[in-house]
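Numbering (full-length UniProt numbering), first residue to last: 1 to 252. Notes follow the structure.
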């Protein structure tokens, strides 16, 4: 069944920090929804609640409340290798093994010297790979696409990207303020990893610039194609940006 939906009951908590789905259609048609709830009585504690499509129509607690000593983007959970991952603003990200229902931490890349906080540009999975992009400063078109190693030991640079040629081709990417200082306006929407031959692979960076979506081939740094963004390009532009801030907690 596709293009169908099912309403879920509300989890029994006052504060929802994030909800993510764990679903692998290659393994099973069933899915689990993971909710990170702020604890009602314990400060800086969260409780994981799970909704299992196979078990029925109710939420259940997973384990005990856990203390949160770092800032995690719980509203941006990514499912990879049987676990949900939440990127961290500090030295660690947080993972949750969905089958064993165990929490674990993984390292984050160091924040560059001169910057007080992490600048997240993209965090996602494609083709069995977990990717992270950090973009420091609106006046740059240069950044690295990092990939998590299979043993969770570290991030390594998979691709080095320089979009200066793209900015020359699409001057709408460049904005100036009253001091005539320029900044580049673009967002990374998605990274698509695919096999193109028996032993070849490529990664496509889906970029948004004002009014357009552009697929950018990271293997040879070329544009694949571009098309107009419709029907409301300006409203979409206003809602996309290079830096993500921690969301306000949602009250149910």
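Glycine residues also receive a C-beta, built at the ideal position from the N, C-alpha and C atoms. Predicted model only: the values in this text are computed from it and were never measured.
Beta carbon of residue i nearer than 8 angstroms to that of residue j
i           : j           : result
residue 67  : residue 81  : no
residue 207 : residue 184 : no
residue 59  : residue 138 : no
residue 131 : residue 108 : no
residue 165 : residue 143 : no
residue 191 : residue 126 : yes
residue 65  : residue 46  : yes
residue 32  : residue 98  : yes
residue 221 : residue 202 : no
Cα-Cα separation between residue i and residue j, rounded to whole angstroms
i           : j           : result
residue 141 : residue 113 : 18 angstroms
residue 84  : residue 18  : 12 angstroms
residue 20  : residue 77  : 6 angstroms
residue 105 : residue 194 : 28 angstroms
residue 13  : residue 52  : 17 angstroms
residue 7   : residue 38  : 22 angstroms
residue 252 : residue 9   : Note that residue 252 scores a pLDDT of 32, beneath 50, so its modelled location is shaky and nothing firm can be said.
Nearest candidate by alpha-carbon position, reference residue i, set the options
i           : options               : result
residue 157 : 94, 211 and 110       : 110
residue 215 : 221, 15 and 205       : 205
residue 162 : 64, 151, 135 and 39   : 135
residue 172 : 196, 212, 118 and 150 : 212
residue 73  : 176, 119 and 154      : 119
residue 16  : 75, 153, 28 and 123   : 75
residue 48  : 95, 133 and 117       : 95
residue 101 : 56, 55, 50 and 223    : 50
Boundaries of the beta strand (DSSP E) in which residue i is found, first to last residue
i           : result
residue 38  : 32-38
residue 47  : 45-52
residue 69  : Note, residue 69: premise wrong, no beta strand (DSSP E); not H, not E.
residue 201 : 201-209
residue 148 : 142-148
CB contact below 8 angstroms: residue i versus chain B
i         : result
residue 8 : Within the model displayed, chain B is absent; a lone protein chain is all it includes.
First and last residue of the uninterrupted alpha helix (DSSP H) at residue i
i           : result
residue 166 : 164-169
Paired residues, beta bridge with residue i - DSSP
i          : result
residue 61 : 49
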